[in-house]
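Protein chains: 2
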Amino acid sequence: MSRSPELNQKMRDERREAILHHALGLFAANGLHATKISDIAERAGMSQGLLYHYFRSKEEIYTELIRGAFERMNAAALGLEALDMPPREKIELALTQLVKGIEEGEEFARMVMLNAQAGISEVTPPEARRILSEQSGVPYAVVERILRAGQREGTIKPHDAGEMSVAFWTAIKGLALHKAVYGAEFRAPDIRILTSMFFNEEESNG
Amino acid sequence: MSRSPELNQKMRDERREAILHHALGLFAANGLHATKISDIAERAGMSQGLLYHYFRSKEEIYTELIRGAFERMNAAALGLEALDMPPREKIELALTQLVKGIEEGEEFARMVMLNAQAGISEVTPPEARRILSEQSGVPYAVVERILRAGQREGTIKPHDAGEMSVAFWTAIKGLALHKAVYGAEFRAPDIRILTSMFFNEEESNG
DNA sequence: GTCTATATCCAGATAGAC
DNA sequence: GTCTATCTGGATATAGAC
Numbered sequence: 000m001s002r003s004p005e006l007n008q009k010m011r012d013e014r015r016e017a018i019l020h021h022a023l024g025l026f027a028a029n030g031l032h033a034t035k036i037s038d039i040a041e042r043a044g045m046s047q048g049l050l051y052h053y054f055r056s057k058e059e060i061y062t063e064l065i066r067g068a069f070e071r072m073n074a075a076a077l078g079l080e081a082l083d084m085p086p087r088e089k090i091e092l093a094l095t096q097l098v099k100g101i102e103e104g105e106e107f108a109r110m111v112m113l114n115a116q117a118g119i120s121e122v123t124p125p126e127a128r129r130i131l132s133e134q135s136g137v138p139y140a141v142v143e144r145i146l147r148a149g150q151r152e153g154t155i156k157p158h159d160a161g162e163m164s165v166a167f168w169t170a171i172k173g174l175a176l177h178k179a180v181y182g183a184e185f186r187a188p189d190i191r192i193l194t195s196m197f198f199n200e201e202e203s204n205g
Numbered sequence: 000m001s002r003s004p005e006l007n008q009k010m011r012d013e014r015r016e017a018i019l020h021h022a023l024g025l026f027a028a029n030g031l032h033a034t035k036i037s038d039i040a041e042r043a044g045m046s047q048g049l050l051y052h053y054f055r056s057k058e059e060i061y062t063e064l065i066r067g068a069f070e071r072m073n074a075a076a077l078g079l080e081a082l083d084m085p086p087r088e089k090i091e092l093a094l095t096q097l098v099k100g101i102e103e104g105e106e107f108a109r110m111v112m113l114n115a116q117a118g119i120s121e122v123t124p125p126e127a128r129r130i131l132s133e134q135s136g137v138p139y140a141v142v143e144r145i146l147r148a149g150q151r152e153g154t155i156k157p158h159d160a161g162e163m164s165v166a167f168w169t170a171i172k173g174l175a176l177h178k179a180v181y182g183a184e185f186r187a188p189d190i191r192i193l194t195s196m197f198f199n200e201e202e203s204n205g
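Line by line, the protein sequences give chains A and B.
The opening residue of the first sequence carries number 0 in numbering that gives the first Met the number 0; numbering runs sequentially from there.
The opening residue of the second sequence carries number 0 in numbering that gives the first Met the number 0; numbering runs sequentially from there.
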């Protein structure tokens with residue numbers, strides 16, 4: 000009755016994913032230290048002992064989540080930059096997608112919280128800290144370049160592009176924080192409130 | 000050689016303040032659980048045992064910090080609202096002061112982090128949770144009222160005032176988060192990037 | 001692969017000497 | 001008031017049975 004190696008591997012991967020998924024919810028809410036490995040195991044529907052067959056330690060789970068978050072975020076940012084689209088529309092698309100992501104699911108807001116905690120805390124695992132220091136600048140740099148391109152076209156306000164990029168990402172992170180606190184009650188503000196930080200006013204109307 | 004009761008009380012208060020001050024730095028960085036009472040005692044320059052003469056438990060210190068943060072924040076918000084000043088200038092003043100507070104010291108950003116954690120975490124002490132649920136809405140409501148008054152004057156954009164208030168505070172919290180991560184490297188964006196979310200464009204120039 | 005039981009460690013809080 | 005020493009509980013990680 001032995002299953003094929005492929006099926007075994009698939010089940011193993013699914014278990015791993017389940018652990019990561021539930022760990023994210025707990026870490027984002029309570030932080031690395033206050034999250035008990037027994038809670039993760041319970042939510043993932045397995046015994047505490049079995050969890051150690053998938054990850055060496057709590058820190059390894061945490062680090063894996065940080066790694067995944069940056070991989071996806073940076074790939075999305077670079078993908079956005081590569082689109083064949085006017086800079087101003089790229090900014091609008093990014094804000095729309097990000098706010099939608101925050102509004103609709105818990106996952107995105109959790110990822111933001113996790114990264115914020117990891118960036119601040121002194122007890123962040125070394126490997127997670129390394130990933131953070133190497134990769135956390137990418138989205139800022141991407142948005143700054145897009146804004147600069149828009150300034151050359153005259154569609155983006157002439158403020159310092161680096162400062163506007165900080166305003167862009169801190170606004171998003173602030174909204175994610177808000178979502179993490181208020182959960183389902185959260186209603187995102189109209190996207191146009193945010194875009195007005197960056198877009199030159201149009202003389203014509205829509 | 001017995002000191003006066005007044006002097007004794009004063010020294011006692013100063014010790015208490017020192018504990019609270021150092022605890023805030025640690026809690027904001029690492030959270031309630033990951034902060035060791037021995038670390039707080041060490042930074043405050045006293046033994047672990049002595050700390051228990053000033054506070055019953057770690058949770059009590061935490062709750063006291065939350066209480067103080069809301070007292071000051073809500074007093075400041077209500078004070079701002081009571082000023083004899085056009086609504087638009089109140090918003091500008093508030094943003095200027097808040098951003099300056101974030102930029103210049105660690106204290107303000109730490110308070111924001113503490114409140115964010117407390118709002119999210121499931122292990123937040125019950126009393127702290129009570130304070131949060133009773134008082135966290137005040138600054139949002141104040142800003143919303145000021146924005147509404149500005150809309151009646153025509154100086155504030157006609158977006159939903161509640162949504163703009165959320166945009167206001169999440170932008171501030173996002174900046175505080177950023178400061179908490181980047182510390183001394185942090186440079187605040189030009190205040191005008193933020194005000195453009197709320198202010199109607201002026202036809203005349205300055 | 002999966003579970004239960006346990007060794008080990010560490011932090012919060014207390015007791016008691018000075 | 002202040003310290004050191006200790007009790008106690010709880011969480012991580014491991015060992016070992018099935």
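Beta carbons: idealized from backbone N, C-alpha and C, even for Gly.
Please read these numbers as outputs of a predicted model, since none were measured by experiment.
Problem - One or two residues paired with Phe198(A) in a DSSP bridge - result: Ile155(A), per the DSSP bridge assignment.
Practice task
Give the residues of chain A in contact with His52(B), contact being defined as C-beta atoms less than 9 angstroms apart.
Solution key: Close to His52(B), with beta-carbon spacing below 9 angstroms, lies no residue of chain A; the smallest spacing is near 26 angstroms.
Practice task
Less than 8 angstroms between the CB atoms is what I'm expecting for Ala22(B) and Leu64(B), so what's the real figure, rounded?
Solution key: By a beta-carbon distance limit of 8 angstroms, Ala22(B) contacts Leu64(B). Their separation comes to about 7 angstroms.
Practice task
Report the neighbours of Thr154(A) on chain B: residues whose CB is nearer than 8 angstroms to its CB, in chain order.
Solution key: Within chain B, no residue comes near Thr154(A); the closest Cβ sits about 15 angstroms away, beyond 8 angstroms.
Problem - Residues in the stretch 106–128 of chain B having any Cβ partner in chain A nearer than 8 angstroms - result: The residues in question are Met112, Ala115, Gln116, Gly118, Ile119, Ser120, Glu121, Val122.
Handout entry: Separation of Gly173(A) from Ala175(B), as counted between CA atoms
Key = Those two C-alpha atoms are separated by around 9 angstroms.
Practice task
Using a Cβ cut-off of 7 angstroms (strictly closer), state whether His20(A) contacts chain B.
Solution key: For His20(A), no Cβ of chain B is located within less than 7 angstroms of the residue's own Cβ.
Handout entry: Same chain, Cβ closer than 6 angstroms to Thr123(A), neighbours up to 5 away in sequence not counted
Key = Cβ within range, chain order: Ala117.
Handout entry: Cβ-based neighbour list, Lys35(A), same chain, cut-off 6 angstroms, excluding 5 preceding and 5 following
Key = So the list is empty, once near-sequence residues are dropped.
Practice task
Please report how far the alpha carbon of Leu113(B) lies from the alpha carbon of Met45(A), in whole angstroms.
Solution key: Approximately 33 angstroms, taken between the alpha carbons.
Problem - Integer Cβ distance of Ala40(A) from Ala17(A), believed to fall under 8 angstroms - result: Wrong, their Cβ atoms sit about 10 angstroms apart, outside the cutoff.
Exercise for the section: List the residues of chain B that Asp208(A) touches, going by C-beta distances under 7 angstroms, in chain order. Expected result: Because chain A here runs from 0 to 205, residue 208(A) falls outside it and cannot be looked at.
Handout entry: Cross-chain neighbours of Met72(A) in chain B, by beta carbon under 9 angstroms
Key = For Met72(A), there are no neighbours in chain B by C-beta distance under 9 angstroms, as the nearest C-beta there is about 15 angstroms away.
Problem - chain B within 7 angstroms of Thr169(A), Cβ atoms only - result: Closer than 7 angstroms: yes.
Practice task
Determine the chain B residues that contact Ser195(A) at a beta-carbon separation under 8 angstroms, and present them in chain order.
Solution key: What Ser195(A) touches in chain B, judged by beta-carbon distance under 8 angstroms, is Lys156, Ser195, Met196, going in chain order.
Practice task
Could you tell me whether any Cβ in chain B is nearer than 7 angstroms to the Cβ of Asn204(A)?
Solution key: Because the pLDDT at Asn204(A) is just 44, under 50, the model does not fix this residue reliably, and the point stays unresolved.
Practice task
Could you have a look at Ser136(B) and say whether DSSP puts it in helix, strand or coil?
Solution key: The identity of residue 136(B) in the sequence shown is Gly, whereas the question assumes Ser. Gly136(B) falls in the coil class under three-state DSSP.
Problem - Buried/exposed call for Glu13(A), threshold 16 Cβ in 10 Å - result: Exposed, since its Cβ has fewer than 16 Cβ neighbours within 10 Å.
Problem - Rounded Cβ spacing between Ala187(A) and Val98(A) (contact assumed at less than 8 angstroms) - result: Right, their Cβ atoms sit about 5 angstroms apart.
Practice task
Can you tell me which of the three DSSP states Val122(B) falls into?
Solution key: Coil at Val122(B), not helix or strand.
Practice task
Give the straight-line distance between the Cα atoms of Gln150(B) and Arg109(A), rounded to the nearest whole angstrom.
Solution key: When rounded, the distance between both Cα atoms is 35 angstroms.
Exercise for the section: Could you work out which residues of chain B lie near Ala28(A), taking near to mean beta carbons separated by less than 8 angstroms? Expected result: Residues of chain B passing the Cβ test: Ile119, Ser120, Glu121.
Problem - Reduced DSSP category for Tyr53(A) - H, G, I as helix; E, B as strand; rest coil - result: Here Tyr53(A) sits in coil by DSSP.
Practice task
Please indicate yes or no: does the CB of Asp159(B) lie closer than 6 angstroms to some heavy atom of the ligand GDP?
Solution key: Judged by which ligands are present, the structure shown has none, so any question about the ligand GDP falls away.
Handout entry: Residues of the stretch 82–95 of chain A whose Cβ lies closer than 7 angstroms to any Cβ of chain B, in chain order
Key = Of all residues in the stretch 82–95 of chain A, none has a Cβ within less than 7 angstroms of some Cβ in chain B.
Problem - alpha helix (DSSP H) segments (min. 4 residues) lying fully within the stretch 54–100 of chain A - result: Fully enclosed alpha helix (DSSP H) runs of no fewer than 4 residues occupy 57–81 of the stretch 54–100 of chain A, in order along the chain.
Practice task
Return the first residue and the last residue of the alpha helix (DSSP H) that Glu184(B) is part of.
Solution key: Taken as a continuous stretch (DSSP letters only), Glu184(B) belongs to no alpha helix (DSSP H), as it is neither H nor E.
Exercise for the section: Can you give me the start and stop residues for the alpha helix (DSSP H) that Met10(B) sits inside? Expected result: Segment 4–33, the alpha helix (DSSP H) holding Met10(B).
Handout entry: Within chain A, partners of Ile192(B) - CB distance below 7 angstroms
Key = What Ile192(B) touches in chain A: His158, Glu162, Met163, Ala166, Met196.
Exercise for the section: Note down, in chain order, each residue of its chain lying with its Cβ closer than 8 angstroms to the Cβ of Ala170(A), except the 5 sequence neighbours on either side. Expected result: Result list for Ala170(A): Leu193, Met196, in chain order.
Problem - Leu6(A) at chain B interface by Cβ criterion, 7 angstroms - result: Leu6(A) does not count as touching chain B.
Practice task
Indicate whether at least one CB of chain B lies closer than 7 angstroms to the CB of Val180(A).
Solution key: Cβ-Cβ to chain B under 7 angstroms: yes for Val180(A).
Practice task
Work out the CA separation of Glu59(B) and Glu5(B) for me, nearest whole Å.
Solution key: Roughly 25 angstroms between the two C-alpha positions.
Exercise for the section: Can you tell me which of the three DSSP states Glu143(B) falls into? Expected result: In the three-state reduction of the DSSP assignment, Glu143(B) falls in the helix class, which pools H, G and I.
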